[in-house]
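S.K.: Each number in my numbering comes from the position in the sequence shown (counting from 1) with 25 added on.
Yeah, the Cβ is synthetic: ideal placement off N, Cα and C, and Gly gets one too.
After the structure tokens below, expect a handful of questions from me.
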Amino acid sequence: MLALLTGTESTWDHGRASTLAARDAKRARPANGDVLPAATSSTLARMSLQDRVDELAAQQGSTEEDRLLHTQIVRYERHGTAHPGVNETYYVVLDDGHEAFHKPFTGVAVPTAQHYGHHPDEVPMHECGAWRLAHRLGPAYAEIVAPCVLRAHEGEAGALSARQFGLPLTDEPLTRVPDRARAAAFFDSLIAQQDRHAGNYRWDGNAEKLGLIDHGFAFARPGQYVNQSFFVAWRWARDEQALIDAEQQALRNLLESRDLHGLGRFLLPEEAEALAARADLMLERSSILAVGEF
Ligand SMILES: Nc1ncnc2c1ncn2[C@@H]1O[C@H](COP(=O)(O)OP(=O)(O)OP(=O)(O)O)[C@@H](O)[C@H]1O
Ligand SMILES: [Mg+2]
């Protein structure tokens, strides 16, 4: 059983209770008070955040996830670069030497989440949801998306993603690995990624590896804000928006799975519906969607 779910000190409940209290203390409330998106307002079909977290935790357990979930954390420090990002991010070293980045629930910038149309508590869920979907779609996607799990560190729960190596802000992947860049466009279109600027992937030229990071602002619904959509815009500009056979098959598999490859069990219901609607529309048109078409 995952540590998040057991009855010990490191339980999710324990982490979450202190998380929520700490967040209330730490987060600067937006000037307009209690106007967070109503992600947790109740409807009959709506599960609590805790239930959705439990669902997600129960699904975690691929090889890539197991390392992130269970290897001891030996270093944990605030990530401070020239471009540290808007959400609090911590640099993590695991006992086996692997590196990762932790983005706690409490560190999500509330005004930014609001701007993108999300309740802050959904942001780490999206980070993990994007990876889970990539994993279930198959190797073409799992290879380009940073593995990511929900994990608590010293009572602070958050999304822990495996470090992707290489440089941001380069368009080399477009010429060196165009198949992967096209896969990134398909993936971003499907997950309704709102924030794929050129700092939200890494390019490792030696390994010829493209690594997508930062999926907190994804699973958008129609009309929500888009910041940038680097790969989608590129694929359209090359007139390569038409789906290839493998992409059509991936969409059919997703739609035929009982629960959208598990995501229907932990995304918000309206997010899951929008995901299914995008998959339908992409199949109907046999094309990726336009930039910002959620
Ligand atoms: N999986 C990862 N691999 C490599 N670097 C990472 C990873 N996750 C986070 N980082 C580092 O932490 C920074 C902030 O992370 P991330 O981009 O996920 O957060 P953010 O605050 O949502 O960013 P943004 O400013 O794009 O909204 C990144 O720019 C990068 O330097
Ligand atoms: Mg970022």
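Give every residue whose Cβ lies closer than 6 Å to any heavy atom of ligand 2, listed in chain order.
M.R.: Ordered along the chain, the selected set is G110, G224, N225 and D239.
S.K.: Rounded C-beta distance between S311 and A262? I'm assuming under 8 Å.
M.R.: Counting from 1 along the sequence shown, the entry for residue 311 is found at position 286. Counting from 1 along the sequence shown, the entry for residue 262 is found at position 237. With 8 Å as the limit, S311 and A262 do not qualify as a contact, their Cβ atoms being about 19 Å apart.
S.K.: Alpha carbon to alpha carbon, what distance is there between K234 and V99?
M.R.: Start at 1 with the first residue of the sequence shown, and residue 99 comes out as number 74. Start at 1 with the first residue of the sequence shown, and residue 234 comes out as number 209. About 27 Å.
S.K.: Does DSSP classify L185 as helix, strand or coil?
M.R.: Along the sequence shown, read from residue 1 onward, the residue named residue 185 stands at position 160. Residue state, collapsed to three classes: strand.
S.K.: For ligand 1, any of its heavy atoms closer than 8 Å to the Cβ of Q189?
M.R.: As a position in the sequence shown, residue 189 is number 164, starting the count at 1. Yes, the beta carbon of Q189 sits closer than 8 Å to at least one heavy atom of ligand 1.
S.K.: V257: which of T200, L280, G317 and G287 sits nearest, CA to CA?
M.R.: Stepping through the sequence shown from its first residue, residue 257 is reached at position 232. Comparing Cα-Cα distances from V257 to each of T200, L280, G317 and G287, the minimum goes to G317.
S.K.: Along the chain, where does the beta strand (DSSP E) that runs through H178 open and close?
M.R.: Position 153 of the sequence shown, counted from the first residue, corresponds to residue 178. Taken as a continuous stretch (DSSP letters only), the beta strand (DSSP E) holding H178 covers C173 to H178.
S.K.: Pull up the distance between the alpha-carbon of S87 and that of R260, whole angstroms please.
M.R.: For the purposes of this step, residue 87 is taken as residue 62 along the sequence shown, with counting starting at 1. For the purposes of this step, residue 260 is taken as residue 235 along the sequence shown, with counting starting at 1. Going from the Cα of S87 to the Cα of R260 covers about 30 Å.
S.K.: Quick check on this structure: which residue in G248, T137, T131 and G287 has the alpha carbon closest to the alpha carbon of F319?
M.R.: In the sequence shown, counting from the first residue as 1, residue 319 sits at position 294. The residue with the shortest Cα to Cα distance from F319 is G248.
S.K.: Starting from E298 and walking both ways along the alpha helix (DSSP H), at which residues does that stretch end?
M.R.: If you number the sequence shown from 1, residue 298 lands on position 273. From DSSP, the alpha helix (DSSP H) with E298 extends over P294 to R310.
S.K.: Report the rounded CA-to-CA distance for P294 versus Y166, giving the unit in angstroms.
M.R.: Numbered from 1 along the sequence shown, position 269 holds the residue referred to as residue 294. Numbered from 1 along the sequence shown, position 141 holds the residue referred to as residue 166. P294 and Y166: Cα-Cα distance of roughly 24 Å.
S.K.: Would you kindly check if the distance between the Cβ of L279 and the Cβ of R157 is under 9 Å?
M.R.: Residue mapping note: residue 157 aligns to position 132 of the sequence shown, counting from 1. Residue mapping note: residue 279 aligns to position 254 of the sequence shown, counting from 1. No, these two residues do not count as a Cβ contact at 9 Å.
S.K.: Mind checking whether A209 and A299 have CB atoms under 9 Å apart?
M.R.: In the sequence shown, counting from the first residue as 1, residue 209 sits at position 184. In the sequence shown, counting from the first residue as 1, residue 299 sits at position 274. No, the Cβ-Cβ distance between A209 and A299 is not below 9 Å.
S.K.: Take the Cβ of F211 as the centre, count every other Cβ of all protein chains shown within 10 Å, and call the residue buried at 16 or more, exposed below.
M.R.: Here residue 211 refers to the residue found at position 186 of the sequence shown. Under this definition F211 is a buried residue.
S.K.: Decide yes or no for the touch test of the stretch 196–206 against the stretch 129–146: beta carbon pairs closer than 8 Å, at least 3 of them.
M.R.: Touching, no.
S.K.: Skipping 5 residues on each side, what residues in its chain have a beta carbon closer than 6 Å to that of V118?
M.R.: On the sequence shown, residue 118 is found 93 positions in, with the first residue counted as 1. Around V118: V99, R100 and E124.
S.K.: Can you tell me whether DSSP reads R221 as helix, strand or coil?
M.R.: Taking the first residue of the sequence shown as 1, we reach residue 221 at position 196. Three-state DSSP puts R221 in a strand.
S.K.: Taking only three categories from DSSP, how would you classify L93?
M.R.: Residue mapping note: residue 93 aligns to position 68 of the sequence shown, counting from 1. Correct three-state label for L93: helix.
S.K.: Between the C-alpha atoms of V202 and N225, what's the straight-line distance to the nearest angstrom?
M.R.: Working through the sequence shown from its first residue, we reach residue 202 at position 177. Working through the sequence shown from its first residue, we reach residue 225 at position 200. Taking the straight line from one Cα to the other gives about 17 Å.
S.K.: Suppose the cutoff is 7 Å on Cβ atoms and the five residues either side in sequence are ignored; what does the same chain contact list for L285 look like?
M.R.: Along the sequence shown, one-based indexing puts residue 285 at 260. The residues are L279, A297, L300 and A301.
S.K.: Among the candidates D305, L292 and R92, whose CA atom is the shortest distance from the CA of S73?
M.R.: Residue mapping note: residue 73 aligns to position 48 of the sequence shown, counting from 1. For S73, the nearest C-alpha among the options comes from L292.
S.K.: List the residues that DSSP assigns as beta-bridge partners of E124.
M.R.: If you number the sequence shown from 1, residue 124 lands on position 99. DSSP lists V118 as partners of E124.
S.K.: Can you name, in chain order, every residue of its own chain whose Cβ lies under 6 Å from the Cβ of A245, other than the five neighbours on each side?
M.R.: Indexing the sequence shown from 1 puts residue 245 at position 220. Once the five neighbours on either side are set aside, the close Cβ partners of A245 are A217, Q219 and F319.
S.K.: Shorter than 8 Å, the distance from the beta carbon of P145 to the closest heavy atom of ligand 1, or not?
M.R.: The sequence position of residue 145 within the sequence shown is 120, counting from 1. No, since every heavy atom of ligand 1 falls outside the 8 Å radius drawn around the Cβ of P145.
S.K.: Determine the DSSP secondary structure at S87, reduced to helix, strand or coil.
M.R.: The residue you call residue 87 lines up with position 62 of the sequence shown. Of the three classes helix, strand and coil, the one that applies to S87 here is coil, per DSSP.
S.K.: Exposed or buried, what is F190 when buried is set at 16 or more other beta-carbons lying within 10 Å of its beta-carbon?
M.R.: The residue given as residue 190 occupies position 165 in the sequence shown. Its Cβ having fewer than 16 others within 10 Å, F190 is exposed.
S.K.: Taking the alpha helix (DSSP H) that E281 belongs to, which residues open and close that run?
M.R.: Counted from its first residue, the sequence shown places residue 281 at position 256. First-last of the alpha helix (DSSP H) with E281: D270 to E281.
S.K.: Which residue's Cα is closest to the Cα of E89: L175, S214 and A134?
M.R.: On the sequence shown, position 64 is the one that residue 89 refers to. Closest option to E89, Cα to Cα, is L175.
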